[in-house]
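Structure, as structure tokens:
In our numbering, the protein residues as written are 1423 to 2195.
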């Protein structure tokens, strides 16, 4: 049997042996590239190539966080990282750039991506809706070229999905909830696994060990560990399976909108940075003077100076001693430069980004009107229309900010030009011949500007507000900053300007004011409030698919596996791994139930499953190879590919003087799966123990081919991580600080060939002698 299904000569060769320096909690090979990702106990993520060449190192988002899971996104150069506080980062491998982040607000126990590689055809009905933006939308400006405080990030990322392939990021938490995110970004539902089993959410003895979703997105297999019991739960849904192309298109549109909204947030941060420069300049000069003046006197003093040309003693002292002619020029130049920077950020990147979001929401609104294609995923298109109106309101607010910047630049320029003339006359100097004069219209603007110096919005009965105003009174010169704060505007533009004909028309016609094609103008909201309102509505809009898909998952089957008693072995199911077999349309599970028992399970699409147990029984009398090895036991497993199971074995030597050895076994699953056909356990909710009569057991020695077993150089192997596509394995030591990498496709040396031949001949001679005897 072993020779019939032999996997070929095991030519594994150690290529790397490195000490990490800190304990490794998570280890994961990339299925597509020669990259190994490691999550350490310090919360750092290390990325190395095969020859241990360091690619990059990523620190945790907060101090004290632990890496709970790593998952490579199929067919893309992204990796998902889950932390102990519930934060999930989606990171670009090439740039180490954080593509997206979110939080499930629960301790994460595992991460997994679906491995579907079937590309949805470009003739899909909504494919053009999610790709047409590249033809019509201009590229967003690079913020670092407009603001020194911006991060050097390219806003026009090539694609979150270079191939039209749907993949689902699965997240298991300590409270028994499984979260699903299409492309790692669009919420696709949450499933309360604890609730299905009748466990309270605060159960500390249970945790989700691993998750797997089938290629067709129909079944979800969850491994739930509770004390010494492992529950393998099969969940099934029809919505995600049926509407997979629609979910992909929604996820792509969602990723485009989130990317642009993130760009808007970065732009506003740059605007706030430039605005704080304005505040810093004014705080150094003007606020110090305002603190020492009684309420209502500042505007009066400046208006008196404007009307009669006479300044109060305190104002005259401020102009000559604190401000000075040179300080006035410097202050005016700095404020004007800051406003120019703000205006450049508003006109170019902010306008372009809001227009891009508006375009995507318009496309989404049209997509969702196809009820047949999107079915119950998005029940109410009115919600999308309302989000579109909110985006229009944000665009109106950005235009309002632009007008406010123009007015502030104009008023500040007039104000500082007038103050310069006042200071020159007070010191009895002569004005320059080319100094511009102030027109009558500019005097009108200046009078309005000066009259608003002492405007206070808090009520007189608010003691706390009054004390705060008294402690931080400042010139009310600035009008732009109010748009960048998360509170209503202090000076709405409607108060400063006259009612126009359009506002009067809307006020007189309610039907016109409620028309969906006319976007509202929220005069009292700031730009930051409008942006947060839009973001909140977008999140609510894209929560609808998750509610529909999550509610559709139903329990299909349950397999309960008990570990041995604590006095005979560790009271814990050692490890388990699973892989989907696309050709046979089944899911394979390998579970190390104890050091003496390896359970193979095969799940079918109809919910049924088959089981077989591998255990090391009596050694074959005709094969003396195992006598020198000693007694083998199971320690860790991982699927090399759909046909091969990699097993880390421990060997107790027959003599007391020799220590325990570690062996690596490439077990071909063809032979073992033949025994699966003899036992078909299709009853609902099966329980499997080591001595269960219903589970057929076979001797693992009969499945081991001599070329598939390899003695490892070190005896402290604790965990293996394999990659069949890249033909490499990694062995983590017991200390969790040493990693050894092996090449499974190494070239065999001549000396090795001679040694192998002599071993084979010797083994055959011994076998013949035993048969003759």
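Think of the CB as a built atom: it goes at the ideal place given N, C-alpha and C, for glycine as much as any other residue.
Of the candidates 1667, 1696 and 1673, the residue whose Cα lies closest to the Cα of residue 1570 is 1696. For residue 1959, the enclosing alpha helix (DSSP H) has its first and last residue at 1949 to 1963. Burial is judged here by how many other beta carbons sit within 10 angstroms of a residue's own beta carbon; residue 1732 has fewer than 16 and is exposed. Partner residues in a beta bridge of residue 1585, as assigned by DSSP, do not exist. The DSSP-derived three-state label of residue 1737 is helix. Counting other Cβ atoms within 10 Å of its Cβ, residue 1538 reaches 16 or more and is therefore classed as buried.
Leaving aside the five residues that flank residue 1632 on each side, the residues in its chain whose CB is nearer than 6 angstroms to its CB run, in chain order, 1532 and 1645. By the 16-neighbour rule on beta-carbons within 10 angstroms, residue 1966 is buried. Collapsing the DSSP output to three states places residue 1784 in a helix.
In the three-state DSSP reduction, residue 1451 falls in the strand class (E or B). Counting along the chain, the unbroken alpha helix (DSSP H) around residue 1556 starts and ends at 1555 to 1558. Across the structure, residue 1927 and residue 1767 are spaced so that their CA atoms are roughly 33 angstroms apart. Remark: C-beta atoms of residue 1797 and residue 1665 approach each other more closely than 8 angstroms. Between residue 1845 and residue 1741, the CB-CB gap stays under 8 angstroms. Look at residue 1662 here: in three-state DSSP terms it is helix. Within the segment 1470 to 1548, the runs of beta strand (DSSP E) at least 3 residues long that lie entirely inside it are, in chain order, 1476 to 1480, 1489 to 1494, 1500 to 1505, 1509 to 1514, 1520 to 1525 and 1530 to 1535.
The closest CA to that of residue 1972, considering only 1824, 2086 and 1660, is found on 1660. Spanning the alpha carbons of residue 1636 and residue 1654 requires a straight line of approximately 14 angstroms. Secondary structure note for residue 1758: its alpha helix (DSSP H) is the uninterrupted segment 1747 to 1767.
Following the DSSP letters along the chain, one finds residue 1461 inside the beta strand (DSSP E) bounded by residues 1457 to 1462. The Cβ atoms of residue 1657 and residue 1975 lie closer than 8 angstroms to each other. Residue 1860 counts as exposed, since fewer than 16 other C-beta atoms from the protein chains shown sit within 10 angstroms of its C-beta. For the pair residue 1583 and residue 1498, the Cα-to-Cα distance works out to about 7 angstroms. Secondary structure note for residue 2130: it is in no alpha helix (DSSP H), with a DSSP letter that is neither H nor E. Counted as a single uninterrupted DSSP element, the beta strand (DSSP E) harbouring residue 1609 occupies residues 1608 to 1614. Residue 1490 and residue 2082 have their C-alpha atoms some 31 angstroms from each other. In this structure, residue 2016 keeps its C-beta atom at 8 angstroms or more from the C-beta atom of residue 2084.
Taking the Cα positions, residue 2019 is about 15 angstroms away from residue 2060. With a cutoff of 8 angstroms on beta-carbon distance, residue 2150 and residue 1472 are scored as near each other. Taking 8 angstroms as the cut-off, the Cβ atoms of residue 2008 and residue 2056 do not count as close.
Of the candidates 1642, 1678 and 1824, the residue whose Cα lies closest to the Cα of residue 2026 is 1642.
Taking 8 angstroms as the upper bound for CB-CB distance, residue 1677 and residue 1605 are in contact here, some 6 angstroms apart.
Remark: fewer than three beta-carbon pairs, one from each stretch, lie closer than 8 angstroms, so the segment 1687 to 1694 and the segment 1615 to 1630 are not flagged as touching. DSSP assignment within the segment 1800 to 1853 yields the following whole alpha helix (DSSP H) runs of 4 residues or more, N-terminal first: 1803 to 1848.
Close CB contacts of residue 1808 within its chain, under the 8 angstroms cut and outside five residues either way in sequence, are with 1959 (chain order). Here residue 1651 is not near residue 2033, since their CB atoms are 8 angstroms or more apart.
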